[in-house]
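Each remark here refers to the structure printed beneath this line.
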Amino acid sequence: MNYRKLYETGKDRLEKAGIQEAALDARLLLEEVCRTDRNTLLVHGDRAVTEEEETQFRIFIERRSTHEPLQQITGWQEFMGLRFSVTEDVLVPRQDTETLVEEVMRYLRDGMEILDVCTGSGCILLSLLRYSNGCRGVGCDISEKALAVAGQNAKELGISAQFIQSDLFESIEGRFEYIVSNPPYIRKDMIPTLMEEVRDHEPLIALDGGEDGLDFYRKITREATEHLYSGGMLFFEIGYDQGEAVKLLMEEEGYEEVTVSQDLAGLDRVVYGTFNGRK
Numbered sequence: 001m002n003y004r005k006l007y008e009t010g011k012d013r014l015e016k017a018g019i020q021e022a023a024l025d026a027r028l029l030l031e032e033v034c035r036t037d038r039n040t041l042l043v044h045g046d047r048a049v050t051e052e053e054e055t056q057f058r059i060f061i062e063r064r065s066t067h068e069p070l071q072q073i074t075g076w077q078e079f080m081g082l083r084f085s086v087t088e089d090v091l092v093p094r095q096d097t098e099t100l101v102e103e104v105m106r107y108l109r110d111g112m113e114i115l116d117v118c119t120g121s122g123c124i125l126l127s128l129l130r131y132s133n134g135c136r137g138v139g140c141d142i143s144e145k146a147l148a149v150a151g152q153n154a155k156e157l158g159i160s161a162q163f164i165q166s167d168l169f170e171s172i173e174g175r176f177e178y179i180v181s182n183p184p185y186i187r188k189d190m191i192p193t194l195m196e197e198v199r200d201h202e203p204l205i206a207l208d209g210g211e212d213g214l215d216f217y218r219k220i221t222r223e224a225t226e227h228l229y230s231g232g233m234l235f236f237e238i239g240y241d242q243g244e245a246v247k248l249l250m251e252e253e254g255y256e257e258v259t260v261s262q263d264l265a266g267l268d269r270v271v272y273g274t275f276n277g278r279k
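The letter at position 226 of the sequence shown is residue 226 when you use UniProt numbering, and the numbering goes up by one with no holes.
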């Protein structure tokens, strides 16, 4: 069996399983198994694969045919130019979330302290620490398994960060200049309509935002005031239709200069504001 034939076999299997990006996913899985790249597969399509490579590729293809996310199969996802380990215990880092990191970076000053609430894989906090100078960071999450992934990512990237198991701010002490969060924000009634890759394979605890999708925004917006220095900033990732609602929640809690910003598709994606210590 050579690269080309094995790729075609995998692509056909994924197409029959209804995988939308069958050709792309088959290629990426073959690259992962054979530790090669797209150009090598194209130029040397007649190169033979080993029996071990063929077996592993077929296992990966069968997993993908059940709509298991590609990133859970390969075990990693690129985010902000960094490679993050991914398991079924964390959300797969998404390009949309890079908008949140980029907005924070516009305001981030050297040597500041950052708290990442609902840190998951740690991709937000670790990216901010990698691309800043002398900042210190804490990530918290209710899930011990998610924190294990975040800790692994910090170790693999060589970034110093503290991770704490906490139900939002329950176990958090002290104040920070910046609090960031990509909390669960899917409306409960919308969860059954999500793509199978998300609905059936990513952690529900990281998706379910309550009846209106705003439960965590309410709690974090209110409780963050006890953990921000005066002049500190709170940043949220939001769903595309939640901008005005989250903006209003923040304004009602005394945040000033509350701003809604858009992602590359022009959709509302981030809300942030400043807390000056009074309501």
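C-beta atoms are modelled at their ideal positions from N, C-alpha and C, and glycine is treated no differently.
For S160, count the other beta carbons within 10 Å of its own beta carbon; 16 or more makes it buried, fewer makes it exposed. Which is it? Reading the sequence shown from its first residue, position 160 is the one you call residue 160. With fewer than 16 Cβ atoms within 10 Å of its Cβ, S160 is classed as exposed.
So the alpha helix (DSSP H) Y12 belongs to, where does it begin and stop? The sequence position of residue 12 within the sequence shown is 12, counting from 1. Note that residue 12 corresponds to Asp in the displayed sequence, not to Tyr. Taken as a continuous stretch (DSSP letters only), the alpha helix (DSSP H) holding D12 covers Y3 to K16.
Please give me, in chain order, every unbroken run of the beta strand (DSSP E) with length at least 3 that falls completely inside the stretch 164-223. The stretch 164-223 contains these whole beta strand (DSSP E) runs: 176-181.
What do you get for M182, buried or exposed, if any count of 16 or more other CB atoms within 10 angstroms of its CB means buried? Indexing the sequence shown from 1 puts residue 182 at position 182. According to the sequence provided, residue 182 is Asn. The question's Met does not apply to it. Under this definition N182 is a buried residue.
Pull the bridge partners of L234 from the DSSP assignment, please. Counted from its first residue, the sequence shown places residue 234 at position 234. I179 and G273, per the DSSP bridge assignment.
Indicate whether the contact test is met: 3 or more Cβ pairs, each with one atom in the stretch 189-201 and one in the stretch 94-106, closer than 8 angstroms. Result no; under three Cβ-Cβ pairs closer than 8 angstroms.
Measure the C-alpha to C-alpha separation of D263 and I238 and round it to an integer number of angstroms. Position 263 of the sequence shown, counted from the first residue, corresponds to residue 263. Position 238 of the sequence shown, counted from the first residue, corresponds to residue 238. Each residue's alpha carbon lies about 11 angstroms from the other.
Under 8 angstroms by Cβ, that's how I've got Q257 and F176 pegged, so tell me the actual separation to the nearest angstrom. By one-based count along the sequence shown, residue 257 stands at place 257. By one-based count along the sequence shown, residue 176 stands at place 176. One point to set straight first is that residue 257 is Glu, not Gln, in the sequence displayed. Not really, about 18 angstroms apart at Cβ, beyond 8 angstroms.
Selection from H44, L42, L70 and T221 that minimises the alpha carbon distance to E32: Reading the sequence shown from its first residue, position 32 is the one you call residue 32. The candidate whose alpha carbon is nearest that of E32 is L70.
Exposed unless 16 or more other CB atoms sit within 10 angstroms - verdict on H44: Translated into positions along the sequence shown, residue 44 becomes position 44. Under this definition H44 is an exposed residue.
The beta strand (DSSP E) spanning L126 covers which residue range? For the purposes of this step, residue 126 is identified with residue 126 of the sequence shown, where counting begins at 1. No beta strand (DSSP E) contains L126, which is instead part of the alpha helix (DSSP H) from C123 to R130.
What is the DSSP secondary structure of I114, counted as helix, strand or coil? For the purposes of this step, residue 114 is taken as the residue at position 114 of the sequence shown. In the structure shown, I114 falls within a strand segment according to DSSP collapsed to helix, strand and coil.
Which of helix, strand or coil does DSSP assign to C140? Working through the sequence shown from its first residue, we reach residue 140 at position 140. Correct three-state label for C140: strand.
Would L91 and A224 be called neighbours here (beta carbons separated by less than 8 angstroms)? For this step, residue 91 is matched to residue 91 along the sequence shown. For this step, residue 224 is matched to residue 224 along the sequence shown. Here L91 is not near A224, since their CB atoms are 8 angstroms or more apart.
Pairwise C-alpha distance: E15 and G134: Against the sequence shown, residue 134 aligns to sequence position 134. Against the sequence shown, residue 15 aligns to sequence position 15. Rounded to the nearest whole angstrom, the CA to CA distance from G134 to E15 is 48 angstroms.
What residue range is occupied by the uninterrupted alpha helix (DSSP H) comprising residue 367? Given that the chain is displayed from residue 1 to residue 279, the structure contains no residue 367 and the question cannot be resolved.
Since L125 and G137 should fall inside the 8 angstroms C-beta cutoff, what is the C-beta to C-beta distance between them, to a whole number of angstroms? Here residue 125 refers to the residue found at position 125 of the sequence shown. Here residue 137 refers to the residue found at position 137 of the sequence shown. 5 angstroms between Cβ atoms; contact.
Among L128, Y185 and S127, nearest to D208 - alpha-carbon criterion: Looking up residue 208 in the sequence shown gives position 208. If we check each option's Cα against that of D208, Y185 comes out closest.
DSSP three-state label for E78, please. Here residue 78 refers to the residue found at position 78 of the sequence shown. E78 falls in the strand class under three-state DSSP.
Contact set for K219: own chain, Cβ-Cβ below 7 angstroms, skip 5 residues either direction: Locating residue 219 in the sequence shown gives position 219, counting from the first residue. L168.
Endpoints, beta strand (DSSP E) assigned at T259: By one-based count along the sequence shown, residue 259 stands at place 259. Residues Y255 to Q262.
What did DSSP end up calling L91 once you bin it into helix, strand or coil? For this step, residue 91 is matched to residue 91 along the sequence shown. DSSP places L91 in coil when its eight states are reduced to three.
As a quick exercise: from A23, G151 and Y217, pick the residue whose alpha carbon is nearest that of E8. One-based indexing of the sequence shown puts residue 8 at position 8. Of A23, G151 and Y217, the residue nearest in Cα terms is A23.
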